[in-house]
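Engineer: Can you read through this structure? Questions will come right after.
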Amino acid sequence: MDKKEYLRSWAETYKNDLTNNIMPFWLSHGWDKENGGIYTCLNRDGSLMDTTKSVWFQGRWAFICAFAYNNVEKNQEWLEAAKSAINFIEKHCFDENGHMYFEVTAEGKPLRKRRYVFSETFAAIAFAEYSLATGDKHYAERALQVFHDAQRFLSTPGFLPSKYEAGVEMQSHSIIMILINVGSRLRAVIDDPTLTQQIDDSISLLRRYFMHPEFKALLETVGPKGEFIDTNAARTINPGHCIETAWFIMEEAKLRNWDKDLLDTALTIFDWSWDWGWDKQYGGIINFRDCRNLPPQDYSQDMKFWWPQCETIIASLYAYLGTGDEEYLYRHQRISEWTYAHFLDQDYPEWYGYLHRDGTVAQPAKGNLFKGPFHIPRMMIKGYMLCQEILKTME
4 MDKKEYLRSW AETYKNDLTN NIMPFWLSHG WDKENGGIYT CLNRDGSLMD
54 TTKSVWFQGR WAFICAFAYN NVEKNQEWLE AAKSAINFIE KHCFDENGHM
104 YFEVTAEGKP LRKRRYVFSE TFAAIAFAEY SLATGDKHYA ERALQVFHDA
154 QRFLSTPGFL PSKYEAGVEM QSHSIIMILI NVGSRLRAVI DDPTLTQQID
204 DSISLLRRYF MHPEFKALLE TVGPKGEFID TNAARTINPG HCIETAWFIM
254 EEAKLRNWDK DLLDTALTIF DWSWDWGWDK QYGGIINFRD CRNLPPQDYS
304 QDMKFWWPQC ETIIASLYAY LGTGDEEYLY RHQRISEWTY AHFLDQDYPE
354 WYGYLHRDGT VAQPAKGNLF KGPFHIPRMM IKGYMLCQEI LKTME
């Protein structure tokens with residue numbers, strides 16, 4: 004393999020797919036120019052199936068538009084789309100306490116609120132990235148305010164309803180890992196010690212409680228002190244989620260001059276999760292595994308979703324950039340080739356989201372309340388950037 008040519012080719016592929024396929028699809032079919040924001044419930048051909056708006060995706064879309072503007076090309080339409088979603092968020096997506104909804108109508112009428120703060124995390128990174136794109140410090144300050152509100156909601160007993168009955172104590176990997184990325188994105192536009200503190204606290208929790216060497220796995224759910232809970236739900240390994248965590252930590256390691264301890268932690272999580280997730284029979288990253296190798300409980304356990312493949316592409320490039328170990332470039336080759344062979348729709352724009360284990364299409368819609376313009380374009384932007392960075396190290 005000519006490594007330089009390989010990396011140039013993938014950099015160009017990611018950029019072209021982003022600018023000529025993914026972004027035009029969502030700008031054309033998803034952007035609600037009447038009410039603001041974006042629709043994500045789109046059928047295979049881009050036709051609208053449901054006008055319900057995912058609040059997650061108002062923030063995610065605004066972030067992607069600004070992130071692409073900042074790192075790929077200064078496309079003014081992307082910046083306008085970001086502002087449209089940000090305006091919609093500010094006007095319609097917060098309640099009187101600053102807690103955000105999960106679903107709203109096309110016009111912004113509240114439909115549903117969940118017991119999480121993920122809407123807040125995506126709004127925060129959107130405000131931060133838009134601030135970086137425009138130089139408007141108001142949005143950096145707004146990002147920090149939303150971040151601090153999310154921290155307050157998480158730390159206020161009883162504010163967020165519990166998933167289980169009183170007395171059942173468990174910790175979830177998801178919110179801990181996402182706050183690493185939120186802290187990192189906000190720190191690019193505003194200097195506040197709580198951001199690095201959150202990153203350090205999150206990584207410490209993952210190391211102490213969620214990484215279980217006896218299973219060579221990072222678990223999704225543990226007890227309050229990291230105790231292993233021997234139930235179907237708590238034995239779950241989500242390889243894609245863990246691999247996403249790994250690249251968040253690799254990104255932080257890079258920002259700290261490739262801090263060895265952070266990089267070692269990230270690579271351990273990536274290696275464990277690759278071993279659990281890579282499907283040796285069919286290829287691709289599988290959805291769920293049980294750490295005791297028992298049958299997983301989730302009905303979609305053996306499917307291949309779009310987003311774990313995207314996270315693995317990013318992680319493999321970060322790992323190669325940080326180590327120079329060709330095993331990670333080989334992983335990148337396997338996951339990229341498998342993903343592009345199976346998820347691209349040859350007849351309509353954008354990608355499928357849901358495949359059966361063997362790579363055949365389970366359902367052809369391009370979006371819903373959970374799949375929209377985030378993981379795929381983020382992978383393309385990061386993939387383009389990382390390939391370029393690696394190439395610079397080879398000069």
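Counting the sequence shown from 1 gives a position; our numbering is that position plus 3. Beta carbons are placed, not taken as given, at the ideal position from N, Cα and C, and that holds for glycine.
#1: Grab the span of the alpha helix (DSSP H) containing L114 for me, first residue to last.
#2: Once DSSP output is grouped into helix, strand and coil, what is the label at H215?
#3: Output the boundary residues of the beta strand (DSSP E) element that contains A1.
#4: Quick one: any contact between the region 25 to 32 and the region 87 to 95, if contact means 3 or more CB pairs under 8 Å?
#5: Write down every uninterrupted run of the beta strand (DSSP E) in the region 79 to 147 whose length is 3 residues or greater and which is fully enclosed by it, in chain order.
#6: Under 9 Å between the Cβ atoms of I272 and L389?
#7: Mind checking which residues open and close the alpha helix (DSSP H) that includes I393?
#8: Our contact map puts I67 next to P376 with C-beta atoms below 8 Å; I'd like the distance itself, whole angstroms only.
#9: Have a look at L394, I384, I393 and S205 and flag the residue whose alpha-carbon is nearest the alpha-carbon of L21.
#10: How many angstroms separate the CA atom of L266 from the CA atom of T248?
#11: Restricting to Cα atoms, I'd like to know which of F346, N184, R211 and L208 is closest to L198.
#12: Using the three-state DSSP reduction, which class does W13 fall into: helix, strand or coil?
#13: Looking only at C-alpha atoms, which of S319, K112, G370 and G243 sits nearest to W310?
#14: Is it buried or exposed, E330, if we count other Cβ atoms within 10 angstroms and call 16 or more buried?
#15: What's the gap between the Cα of Y285 and the Cα of I338?
#16: Only counting the same chain, and skipping five residues up and downstream in sequence, which positions put a Cβ closer than 7 Å to that of M103?
Structural biologist: Looking at the coordinates:
#1: As a working mapping, residue 114 is identified with position 111 in the sequence shown. Premise fails: L114 lies in the beta strand (DSSP E), P113 to R115, not in any alpha helix (DSSP H).
#2: As a first step, residue 215 is located in the sequence shown; it is residue number 212 there, counting from the start. Strand, per DSSP.
#3: The structure shown has nothing for residue 1, since the chain only spans 4 to 398.
#4: no
#5: 113 to 115
#6: In the sequence shown, the residue the question calls residue 272 occupies position 269. In the sequence shown, the residue the question calls residue 389 occupies position 386. No. Outside cutoff.
#7: Along the sequence shown, one-based indexing puts residue 393 at 390. From DSSP, the alpha helix (DSSP H) with I393 extends over H378 to T396.
#8: Locating residue 67 in the sequence shown gives position 64, where the first residue counts as 1. Locating residue 376 in the sequence shown gives position 373, where the first residue counts as 1. With 8 Å as the limit, I67 and P376 qualify as a contact, their Cβ atoms being about 6 Å apart.
#9: In the sequence shown, the residue the question calls residue 21 occupies position 18. Answer by Cα proximity: I384.
#10: On the sequence shown, residue 266 is found 263 positions in, with the first residue counted as 1. On the sequence shown, residue 248 is found 245 positions in, with the first residue counted as 1. Each residue's alpha carbon lies about 12 Å from the other.
#11: Position 195 of the sequence shown, counted from the start, is the residue given in the question as residue 198. Among F346, N184, R211 and L208, the Cα nearest to that of L198 is on N184.
#12: Counted from its first residue, the sequence shown places residue 13 at position 10. W13: helix per DSSP, three-state reduction.
#13: Translated into positions along the sequence shown, residue 310 becomes position 307. Per the Cα distances, G243.
#14: Taking the first residue of the sequence shown as position 1, residue 330 is located at position 327. Burial call: exposed.
#15: Residue 285 sits at position 282 when you count from the first residue of the sequence shown. Residue 338 sits at position 335 when you count from the first residue of the sequence shown. One C-alpha to the other measures close to 11 Å.
#16: As a working mapping, residue 103 is identified with position 100 in the sequence shown. Same-chain partners within the cutoff: V58, C96, F97, S122, E123 and A126.
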